[in-house]
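One structure is given here, and the rest of the page talks about it.
Residue numbers (the numbering used here): 135 to 643.
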């Protein structure tokens, strides 16, 4: 049964051995169970042994969780392991697991919607309800994705997001310089990228911060992102915190959607362009004749929750990882800074040009030179992320027996019920596609990277994340005297598998 299947990383059952631990918030006590003292007064030795075994299993599951968090956030070891497997058995079947290490095979797995499904590993994590990542039915997935896409205006929206991100970055850097008497310092993840992402979530998505403020909103989104990236042991404090976060966010989003629906209902025919996604979706719901029954306020809440959570996590993680990898490579950093200055030159010229200003809201008016400058900077970003991708591994479930790499020497039969590990990390270190994979090369084709997935489940919000990441990285690379902050602050730190902070210093202008 789908609901009984364990997660891709061995999700365990909630375990407990006393009320004292439950009251401390560690995990719940099963119904009918007493406190630890009862073990010595009335329970049998068998019951005691059973509880010891369960508590030991719980401790081991937490150790596995933290080890996995470390490997996912420091993927060098995984890259070495994949390189070894690729040489001896590119598609390795180990028990009920299939490890795929070739670029073409990874993309093949991600493209084959019916042969390799995703819901088995994401459904339990979509605590707010079904979202694109937990929907495998081809017809339903296509309809819901198209409906979501119908309220997006790519040319207008990308330019809008770009301006919002640039303005927010400028304001945050200015504040950092005003607050520092000497060398300036800023947290790339929590102080810059997360703040930019929250600006986009609030202004473009229409998901304003919870009553407790932006800091609490960021914390809620980070906890939910950590849960989706890697599910913690059931009953752990991380698990309980994620459950509380989804309850708080669900209540907040439900109120937002209901309020906006009532507001839009009074004048549903107003133009859509320029509105946030929440307003556009609500207007579409009110105006759609014969709309599907599932397109309602709850659907809008669920999809905005997913977009907000993934959008916040993607931007914070990728911005921090990009800067971290560039700082680790001084030559690449200098060249990336040159690319950022070139892009800034085009932006300054555009601001001075009345003709460009007249078409400022239209991406189609972006000059060829500026477009090429954006792509050049994006190449540095994507190459940096190749060494520390947001999602090193992607899991799929094989509902039926099938074959991978059919017609080649590496062809293997994938048994029904197998867990397939198709890792972007492995794909982006395949020497057949990425020549000299252990070297940093910013001249690789953009289309070879799989940072945002591939196939039917490719990230819907890629256009949102890309625009923000380019602006954040551009802003940071233009800072004079950019370097890591001293000590641990200058290293990427994590909360579970999600990025928490990366501090850098720079000179006042």
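Using N, Cα and C, we set each Cβ at its ideal position, and we do this for glycine too.
Could you tell me the boundaries of the beta strand (DSSP E) in which residue i lies?
i           : result
residue 640 : 637-640
residue 529 : 529-531
residue 628 : 627-629
residue 538 : 536-538
residue 546 : 546-548
residue 321 : 318-321
Determine the contact status of residue i and residue j, defining contact as a CB-CB distance below 8 Å.
i           : j           : result
residue 360 : residue 446 : no
residue 560 : residue 235 : yes
residue 630 : residue 366 : yes
residue 323 : residue 442 : no
residue 673 : residue 251 : Residue 673 is absent from the structure shown; the chain starts at 135 and stops at 643.
residue 533 : residue 558 : no
residue 338 : residue 298 : yes
residue 282 : residue 437 : yes
residue 303 : residue 605 : yes
residue 181 : residue 285 : no
residue 580 : residue 513 : yes
residue 357 : residue 329 : no
residue 453 : residue 603 : yes
residue 545 : residue 539 : yes
residue 554 : residue 243 : yes
residue 466 : residue 611 : no
residue 619 : residue 633 : no
residue 340 : residue 411 : yes
residue 400 : residue 413 : no
residue 106 : residue 280 : With the chain covering only 135 through 643, there is no way to say anything about residue 106.
residue 599 : residue 448 : yes
In the DSSP assignment, what residue or residues form a beta bridge with residue i?
i           : result
residue 617 : 639
residue 554 : 232 and 530
residue 633 : 628
Residue i lies in the alpha helix (DSSP H); which residues open and close that run?
i           : result
residue 232 : First-last for residue 232: 231-234, but that is the beta strand (DSSP E), not the alpha helix (DSSP H).
residue 106 : Residue 106 is absent from the model: the chain starts at 135 and stops at 643.
residue 415 : 411-421
Check each candidate in the options and name the one with the smallest Cα separation from residue i.
i           : options               : result
residue 387 : 605, 523, 303 and 263 : 263
residue 515 : 479, 608, 485 and 506 : 608
residue 574 : 617, 599 and 517      : 517
residue 628 : 205, 197 and 186      : 205
residue 278 : 430, 580, 624 and 611 : 430
residue 468 : 614, 211 and 195      : 614
residue 306 : 273, 216, 332 and 502 : 332
residue 460 : 576, 211, 186 and 274 : 576
residue 511 : 212, 224, 601 and 344 : 601
residue 342 : 265, 435, 502 and 625 : 435
residue 642 : 313, 625, 567 and 588 : 313
residue 392 : 416, 477 and 464      : 416
residue 520 : 272, 310 and 582      : 582
Residue ranges of each alpha helix (DSSP H) run of no fewer than 4 residues wholly in the stretch 335-389, ordered along the chain? 348-363
What are the start and end residues of each continuous alpha helix (DSSP H) run of 4 or more residues lying completely inside the stretch 432-502, in chain order? 464-486 and 488-492
Return the chain-ordered ranges of every alpha helix (DSSP H) run that is complete within the stretch 211-290 and spans a minimum of 4 residues. 237-245, 253-256 and 272-283
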